[in-house]
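Below: the structure, in structure tokens.
Dropping the structure here:
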């Protein structure tokens, strides 16, 4: 699982994102970062209209 600092730095940047299930997205713009509000939620990244939970992300490479 990727750490929160890398997730924060990804906001409004182009990234390569590698998922824990082996899938990956290349050269995609992260549009927002959401910090969890309570114990039931996870930190999330937004890519256009898709939200990705922190536990789903293995690695993030920031491209710009």
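Residue numbers (my numbering): 2 to 65.
Ideal Cβ positions, reconstructed from N, Cα and C, are used throughout, including at glycine.
- Residue 6: member of the alpha helix (DSSP H) spanning 5-11, first to last residue.
- Residue environment: residue 64 is assigned as exposed (fewer than 16 neighbouring CB atoms within 10 Å of its CB, all protein chains considered).
- Counted as a single uninterrupted DSSP element, the beta strand (DSSP E) harbouring residue 25 occupies residues 25-30.
- Note on residue 2: under 16 other CB atoms within 10 angstroms of its CB, so exposed under the neighbour-count rule.
- Bridge pairing for residue 49: absent [DSSP].
- Each of 18, 45 and 5 was checked against the Cα of residue 29, and the nearest Cα belongs to 18.
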